[in-house]
Amino acid sequence: MKTTGRGALRKLLAGAAMIGAVAFGTAATTFEAAAQDNTIYVPLFTYRTGPFAGSGIPIADGMHDYLRMLNERDGGIGGVKIVIEECETGYDTKKGLECYDAVKGKKPVMVNPWSTGITLPLIPRASVDKIPILSMAYGLSASARGDLFPWVFNPPDTYWDGLAMILRHVGDQSGGMDKLKGKKIGYIYFDGGFGKEPIPLFEQLAKDFGFELKLYPVPPGEMQNQSSQWLGVRRDRPDFMVMYGWGAMNPTAIKEAAKVNYPMDKFVSIWWPGEDDIRGTDGAKGFKMLNWHGIGTEFQAIKDIQKHVVDKGLSKAPKDKVGELLYNRGVYNSLLIAEAIATAQKVTGKKVVDGADVRRGLENIDLNEARLKEIGLAGFTGTLKLTCTDHNGHRPAFIQQWDGAKWVKVSDLIEPMRDKVKPALDAAAQDYADKNNWPKRTEPCDKP
Amino acid sequence: MDILYKIFVDPFVQMGAAPDLLVQTMWEGLVAGVLYALIALGFVLIFKASGVFNFAQGIMVVFAGLTLVGLHEMGVPAFLAVILTLGVMFLIAVAVERVVLRPLVNQPDIILFMATFGITYLLIGIGELIFGGNPKRMIAKELYLPSGSVEFQTLGGFVQLQKIDIAASVIAAIMIAVLAFFFQKTRIGRALRAVADSHKAALSVGISLNQIWVIVWFTAGIVALVTGIMWGARSDVSFALQIIALKALPVLILGGFTSVPGAIVGGLIIGIGEKLGEFYWGPLVGGGIESWLAYFIALGFLLFRPQGLFGEKIIERI
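Here you go:
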C-alpha cells in the first residue's frame, strides 16, 4: 500500500490527537479523583424545563441554595466542601434514569430523584450500587419500612400519611370521622405513579369509614384541559375534593374548581401546590393544602441563604421568590441531605463519607428541637427521628388555607392514622417484597 | 347484560335526566374543539403550501404566548406587545424559510418533517432561555378579554358559559372567516392554492415559492399567537400547552391534511366527541380516556373515509 505525504501527515496528526486525548483524559480523571478525595458529591435531579418546571424551579433553587449556603458560610459540612451538580430530568422517567447512570460513577452520597416515576425503577438499584435514595415525601409509600428497604428513605411523611391526615381534617370539618359515612369524596389526581400511589389506601378507608370514593384522573397530556373532570365533579357533587397534582395540573385544577363554583374550603390538596399555582386566580380564596414547614424568610438559615448566596448572585432564584412555599420545600430537602451527611460523619468518624456511610447517617437522623435551633431552623418544622426500621417518621402536618394573598395556617398538627396506615403499609411492603423476590436486609443496624 | 346497559343505555338515560349537563358538556367540547381547530389550521396551512407536516406548530403556540407575556413583563404595553410578537413570528417565518426550507428544497418529505422537529427543540430551548420554564399568566385583562361567566337557568338546571370561552369562539370564528377570505379571494391566496396544487406549475407561472413559504409560516404564527392567547387565558402559558397542541393530529386525520373546512369540522367533532366520551363513558373504565379517545374517534372515521372527511382522494395510476 502506497502512503502519500498528505496521508502520512494526516495519520501523524490523528496519532498526536489520540495521544493528547488519552493524556488529557488521564489528567482529568486524576484531577476528578483528587477532587473526590476532598469533597462530597451530591447530585440534584431537577427540572427547570418542561411542563413541570413551574413546580420544579423553586424546589431546585431551594435545594441548591441551602447546600451552597453551607459551602459559603461553613466551608461545607464538617469542613468538607459539597460538590453540587444538577441534572435536568424534565420530570421524565427515562431522562431521570439517564441522569442516574451519568452520576453513578461519580460516587454520589445519595440521589434525590424528585419524581415518583423515577424513584420506583431506582429502588432495586440502590442496594446494588450502594447509593441511598432520598425521596422526600414522595415515592413508594411502602419504602418507609427500613427493614425491607434499607437504601430508600421518604421522610417526613408518605403519600398514605398525607391522605390519612387530609381525611382526618375532612372528618373534623364534618363533625367527626363517623360522620363521613354516606358522604361522597372526590379524588382528582395526576394519572401517573404519583397520583395513583394513595388509591389502595383511599379505597380501604372508604370501606372503613363508609364514604363513597369518586375518582377523577387527569392524564399527563390533559393537565391544562380539565373541563371534563370538573364537569364530573359538578355531576357527582362530592362533599369534599382531595387533590394530588403536580406541575401545570395544580393551577388548572384550582381555576376549574373556581369556575364550577366548587366550595374552596372543601377542596384539600396534598403538599405540592405553590403560591404561583394559585396567586391571582379569581375565586381561589379558601383553598386548602397540607404542609409541615414554615413559609417566609424569618428563619436564620434562610436569612443566611439570602446573605451568603442570593445577595452574592450565586442563586438562580429571584430575590422575591426566596422563602416561598416550594422554595422552602427545597430547603427542607437539602436540610435532610446535610443532616444525613453530618450524622454519617459523626457515626463513622470519617470526614469524607460515601453512599454507604450516608445511608447510616440517614438511619440515624435526629432532628430534635435543640438541633433545629443549632442549625438556624427553630420553628421551621417539627422534629424528625429516623431509625433502622422507620425510614419515614410519619410526622404530623397541618392544614393551611389561601386567604387570597398568602397561606394561613388554619389547623393544629394532625397525626396520620397510624392504626390504619401502618397495617396497610406493612401489607403493601410485604407484597412488594414477595412479588419482586426481594432480598433480606443484610445491613446491620446502628445501636441507638 | 349489565355492561351492555351501561354502555348503550345508561349514558343516554343520563343525558335525558340532566339535559343541562349535556348542553354544558357540549359547550365545553365546542370551545375545546374551536381551539383544536385553530391549531389544526396552522398545520393545514403549512402542509398545503409545502407538503410539510409542521411538528413545530405546538411549540409555536407556546412561544408566541410566552413572547407576548414576556414583552409585557418587560414593560411593553399590551397591544404594542401583540404587534411586537407578530414581528417576532414574522422573523421566525423568514428564518425558517431561509435556514430550513430553502436549503432542503426538493428533499424527501420525511427530511422536512424531521427538520420541523429541529425547529421545535430550537424554539423550546430559546423559549426557556429567554423566558424561563415557569408558567406565565396570560395578560387577558390588559388585552380587554372578558372574565367571569354568564349563567342560564334552563333545562331543569343551569348552563354556565365562561366569557373568555365565548370570546375565544367568536375570535376563532372571525379568524377562520378572514383566512378563508384571504385564501379564496386575494392574489396571494390564489398563489398559495396554486402552490398547493403543484409546486412546478406554480413556479412556471412566476409564483415565488420562497415568498409563499414565508407568508404561510407567518400566517401559521398569527394563528399560533391567537391560540396561545386564548388557551393561555383559560389556564396559563406553559410548555405543557405544546402537548395539547398534538391533539391537532387526530383532528387532521379526521378532517384531512389539506382542508381548511376539514380542520374546523374535525376540531369540533374531536372536541365535542372527547368531552361527551369522557363524561358519559369515561367512568365505566375509571376515567382519563380523553387523551386517547380523540385518536379512537379519528380512526373510526378513517375506516370509512381514509382520506379524511374533506381530504383529497389521491388516485395514482401505475
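Chains as they are written, first to last, in my numbering: chain A, 1 to 448; chain B, 1001 to 1318. Every residue gets a Cβ at the ideal spot worked out from N, C-alpha and C, and that includes glycine. The structure displayed is predicted, hence computed values, not measured ones.
Any beta-carbon of chain B closer than 8 Å to the one on residue i?
i: residue 216/A; result: yes
i: residue 458/A; result: In this structure chain A extends from 1 to 448, so residue 458/A is not present and cannot be described.
i: residue 121/A; result: no
i: residue 219/A; result: yes
i: residue 57/A; result: yes
i: residue 251/A; result: yes
i: residue 51/A; result: yes
i: residue 269/A; result: no
i: residue 115/A; result: no
Is DSSP giving residue i helix, strand or coil here?
i: residue 241/A; result: strand
i: residue 291/A; result: strand
i: residue 1023/B; result: helix
i: residue 87/A; result: strand
i: residue 1147/B; result: coil
i: residue 39/A; result: strand
i: residue 15/A; result: With a pLDDT of only 44 at residue 15/A, under the threshold of 50, the placement of this residue in the model should not be trusted; the figure read from the coordinates follows. Looking at residue 15/A - three-state DSSP - the assignment turns out to be helix.
i: residue 1073/B; result: helix
i: residue 1320/B; result: This structure gives no information on residue 1320/B, because the portion of chain B shown stretches from 1001 to 1318.
i: residue 138/A; result: coil
i: residue 397/A; result: strand
i: residue 1205/B; result: coil
i: residue 1154/B; result: strand
i: residue 443/A; result: coil
i: residue 145/A; result: strand
i: residue 229/A; result: helix
i: residue 114/A; result: coil
i: residue 1287/B; result: coil
Compute the distance between the beta-carbons of residue i and residue j, then report whether it is under 8 Å.
i: residue 454/A; j: residue 377/A; result: Chain A is shown only over 1 to 448; residue 454/A falls outside these bounds and no answer can be derived.
i: residue 292/A; j: residue 397/A; result: yes
i: residue 217/A; j: residue 184/A; result: no
i: residue 1259/B; j: residue 1310/B; result: yes
i: residue 289/A; j: residue 268/A; result: yes
i: residue 980/B; j: residue 1164/B; result: Look at the range of chain B in this structure, 1001 to 1318, and you will see that residue 980/B is not part of it.
i: residue 1297/B; j: residue 1273/B; result: yes
i: residue 326/A; j: residue 245/A; result: no
i: residue 1308/B; j: residue 215/A; result: no
i: residue 386/A; j: residue 395/A; result: no
i: residue 1061/B; j: residue 1271/B; result: no
i: residue 1220/B; j: residue 1045/B; result: yes
i: residue 44/A; j: residue 60/A; result: yes
i: residue 159/A; j: residue 135/A; result: no
i: residue 1058/B; j: residue 1268/B; result: no
Give me the Cβ distance between residue i and residue j, rounded to the nearest whole Å; I'm assuming they're in contact under 8 Å.
i: residue 1039/B; j: residue 1233/B; result: About 15 Å separates the two Cβ atoms, so there is no contact after all.
i: residue 258/A; j: residue 281/A; result: 6 Å
i: residue 278/A; j: residue 243/A; result: About 12 Å separates the two Cβ atoms, so there is no contact after all.
i: residue 1254/B; j: residue 1266/B; result: 4 Å
i: residue 1160/B; j: residue 1024/B; result: 7 Å
Tell me whether residue i is buried or exposed, calling it buried when 16 or more other Cβ atoms sit within 10 Å of its Cβ.
i: residue 1007/B; result: exposed
i: residue 1304/B; result: exposed
i: residue 105/A; result: exposed
i: residue 1138/B; result: buried
i: residue 1225/B; result: buried
i: residue 65/A; result: buried
i: residue 240/A; result: buried
i: residue 359/A; result: buried
i: residue 223/A; result: buried
i: residue 405/A; result: exposed
i: residue 442/A; result: exposed
Taking 8 Å as the CB-CB limit, is residue i close to chain A?
i: residue 1236/B; result: yes
i: residue 1324/B; result: As shown, chain B starts at 1001 and ends at 1318. That puts residue 1324/B outside it, with no answer to give.
i: residue 1006/B; result: no
i: residue 1287/B; result: yes
i: residue 1269/B; result: no
i: residue 1167/B; result: no
i: residue 1244/B; result: yes
i: residue 1137/B; result: yes
i: residue 1024/B; result: yes
i: residue 1177/B; result: no
i: residue 1021/B; result: yes
Can we count residue i as close to the ligand FAD, meaning its CB is less than 7 Å from some heavy atom?
i: residue 1096/B; result: What this structure holds is no ligand at all, so the ligand FAD is not there to describe.
For a cutoff of 8 Å on Cβ pairs, would you count residue i as touching chain E?
i: residue 361/A; result: Absent from the structure is chain E; the protein chains it does hold are A and B.
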